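Peer 1: When you line the sequence shown up against mature numbering (1 follows the signal peptide of the UniProt record, and there is no 0), it's residues -23 to -1, 1 to 422, in that order. Glycine is no exception: its CB is placed at the ideal position from the N, C-alpha and C atoms. Note that the structure is a prediction, hence the values are computed from the model and not measured. Sharing a structure, written as structure tokens. Questions coming.
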Amino acid sequence: MFDRRLGAALVAAALAAGGEAGASGYALREQSAVGQGTSFAGATARADDPSFMFFNPAAVGWLQGYQAAVVGSYIRPESTVDSGFANRTAILGGSPITGQLGGDAGLNAFVPAVYTSAQLSPEWAVGLSVTSPFGLVTKYDNDFIGRYHALTSTLRTINVAPTISYRPVPWLSFGASLQVQHAYARISQAVDFGAAGALAGLGPFGFAPGRFDGRGTVRGDDIAVGWTVGAVWEPADGTRVGLSFRSALFHKLEGDASFQGAPGPLAASPNFRNTDAKAKLTTPEMLSLGFAQRVGERWTLLGDLSWTNWSRFRELRVDFESGRAPSVSEQNWRDTWSLALGVEYLVADGLRVRTGVAYDQSPARDAYRTPRIPDSDRYWLSAGASYQVLRNVELTAAYTHIFADDAKVRLRDRGPGTTEFLRGNLDLNYSASVDIFAVQARLMF
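Quick look at the structure:
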């Protein structure tokens, strides 16, 4: 009974806490402080901590008795526009879009995760996790020169995953999870009502590009269902290999679109009327292969290789009930690979230290990168430690610094009938980095 109450309390805590932050693309790896200490090297294969069920459901089959883990990750990103320029399309005179560089677009976030597991028999085990596997927040000042492309972009997910594992022989386990995911998205950008009015022939009434700025906001949410399967194989004592596959989830976000600041002559137009809105969001498939190799009595070598099907993200498209033309931003992302290598050292009974590095490829192509997700290739450097303070309590802490390549945004307004019309040409140069602090408590019964 104690274990059931604890599991329910952990689920409630995760749902109440909420949090989001950007990683490569909009996926969040920050689900385990133990894994973070090695930049998640070996996360698919280790199977020695409840938090690894996020990366491979077969990990549950190797956990003894009843266990639970609570993880909290504080993410502090910096994404700054170092230089930039914006101007309107030639049909609007090509005038500069005045404003500032937007400040630091990255917002700090807290990402919680909770896990419980129970060994039902030597062959069967079950688990439950509540995580936030995808998330994003970028926010610019209202006078940002790229405001017609983006002001605020928010994505939050809560994922509940009941898990089952079967271990038919001592050296092999299989696992499967049902992924039930709620997604909420909100995006906003400035609207150049002055330019829209000038094109509508309202120039004699004071309408001119940049004269009347307003804001358009779209929000929506949805629940989608997917799955994850995996296996952990121990071909020899001290050697483990893990393989897992996470399915895509197909969200159909439904919500509303609202426009603020439309001048009187435009406020009644179907193009700027508040209306219901819909958008599709697909979270990508992920395939991961990991290994953990013990060397001697104290050292363990770790590695992970992952592929993510980011090429599903071709465009950000919003359809409006009012009949207004869809809002479309081309993304044309590419599939990506990430590689992590790490090592763990047993200092003494109950005390383990670890470190790791990783390369995380960005899905964003230079020709299509937008201010909403100014992503670039990333390089991880991590360290962490776990200490068993009591017979059934282990505490873990980890720190990661992520170095990001400089990113460029090069968007062009190609005039009427194109997706960028009225947003203007935009050239931005970004620099970015991320600091992550994670703590975890593991309980064993």
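What are the start and end residues of the alpha helix (DSSP H) that includes ALA239?
Peer 2: Per DSSP, ALA239 belongs to no alpha helix (DSSP H) and is neither H nor E.
Peer 1: Less than 8 Å separating the beta-carbons of GLY49 and VAL416?
Peer 2: Yes.
Peer 1: With the cut-off set at 8 Å, would you say residue 434 and ALA254 are in Cβ contact?
Peer 2: Outside the displayed span of the chain (-23 to 422) sits residue 434, for which this structure offers no information.
Peer 1: DSSP three-state label for PRO145, please.
Peer 2: Note: PRO145 maps to strand in three-state DSSP.
Peer 1: Which parts of the region 188 to 227 are runs of the beta strand (DSSP E), unbroken and 3 residues or longer, counting only runs that do not cross its ends?
Peer 2: DSSP runs (the beta strand (DSSP E)) wholly in the region 188 to 227: 190 to 213 and 216 to 223.
Peer 1: Can you tell me where the alpha helix (DSSP H) with VAL11 in it begins and where it stops?
Peer 2: Per DSSP, VAL11 belongs to the alpha helix (DSSP H) from 10 to 13.
Peer 1: Just list the residues that DSSP pairs PRO73 with in beta bridges.
Peer 2: The partner list for PRO73 (beta bridge, DSSP) reads ASN64.
Peer 1: Assuming GLY19 contacts GLY319 under a Cβ cut-off of 8 Å, what Cβ separation, rounded to an integer in Å, is found between them?
Peer 2: Correct: roughly 6 Å between the Cβ atoms.
Peer 1: Count the C-beta pairs between the region 132 to 152 and the region 31 to 38 that are closer than 8 Å, then say yes if the count reaches three, no if not.
Peer 2: Touching, per the Cβ criterion.
Peer 1: Under 6 Å Cβ to Cβ from ASN251, same chain only, skipping five residues before and after it: list those, please.
Peer 2: Within the same chain, ASN251 has close Cβ partners SER235.
Peer 1: Judging by CA-CA distance, which residue of SER265, VAL411, LEU420 and GLU321 is the nearest neighbour of LEU367?
Peer 2: Checking every option, the nearest Cα to that of LEU367 belongs to LEU420.
Peer 1: What is the DSSP secondary structure of ARG(-20), reduced to helix, strand or coil?
Peer 2: Confidence at ARG(-20) is low in this model, with a pLDDT of 41, below 50, so its placement is unreliable and the value that follows should be read with caution. DSSP places ARG(-20) in helix when its eight states are reduced to three.
Peer 1: Quick check on this structure: which residue in PHE121, TYR117, ASN136 and ASP412 has the alpha carbon closest to the alpha carbon of residue 425?
Peer 2: Within the shown structure, residues of the chain are numbered from -23 to 422, placing residue 425 beyond reach of any answer.
Peer 1: Kindly indicate which three-state DSSP category PRO89 falls into: helix, strand or coil?
Peer 2: Correct three-state label for PRO89: strand.
Peer 1: From the DSSP secondary-structure annotation, give me the bridge partner or partners of residue 430.
Peer 2: The first residue shown for the chain is -23 and the last is 422, placing residue 430 beyond what the model contains.
Peer 1: Quick check on the burial criterion: 16 or more other C-beta atoms within 10 angstroms. Buried or exposed for ILE379?
Peer 2: Buried, by the Cβ-count rule.
Peer 1: For SER94, does the count of other Cβ atoms within 10 angstroms reach 16, so buried, or fall short, so exposed?
Peer 2: Under this definition SER94 is a buried residue.
Peer 1: Starting from the C-beta of ALA370, find all residues in its chain whose C-beta is less than 8 Å away, skip the five residues before and the five after it, and write them out in chain order.
Peer 2: This sequence places Val at residue 370; Ala is not what is there. Cβ neighbours of VAL370 beyond the five flanking positions: ALA418, ARG419, LEU420 and MET421.
Peer 1: Counting along the chain, where does the alpha helix (DSSP H) carrying residue 462 start and finish?
Peer 2: No statement about residue 462 is possible, as the shown extent of the chain runs from -23 to 422 and does not include it.
Peer 1: Evaluate GLU211 with the Cβ neighbour count: other Cβ atoms within 10 Å of its Cβ, from every protein chain shown; 16 or more gives buried, anything less gives exposed.
Peer 2: Per the 10 Å Cβ criterion, buried.
Peer 1: Using only the heavy atoms of the ligand GTP, determine whether one of them is closer than 7 Å to the beta carbon of PHE31.
Peer 2: Of the ligands one can find in the structure shown there are none, so the ligand GTP has no counterpart to examine.
Peer 1: Who are the Cβ neighbours of SER60 in its own chain at under 7 Å, not counting the five residues just before and after it?
Peer 2: Counting only Cβ-Cβ distances below 7 Å, and skipping sequence neighbours, we find ASN406.
Peer 1: Using CA atoms only, rank isn't needed, just tell me which of LEU316, VAL305, PHE189 and GLN77 is closest to ALA244.
Peer 2: Here the closest residue by C-alpha is PHE189.
Peer 1: How far does the beta strand (DSSP E) with ARG355 in it extend, from its first residue to its last?
Peer 2: Where ARG355 is concerned, the enclosing beta strand (DSSP E) stretches over 355 to 367.
Peer 1: If we count the other Cβ atoms within 10 Å of its Cβ and call it buried at 16 or more, is ASP343 buried or exposed?
Peer 2: Exposed, by the Cβ-count rule.
Peer 1: Could you tell me whether the Cβ atoms of ILE350 and LEU113 are closer together than 8 Å?
Peer 2: Yes, these two residues count as a Cβ contact at 8 Å.
Peer 1: When the distance is taken between beta carbons, is SER353 closer than 8 Å to ASP383?
Peer 2: Contact flag set, yes.
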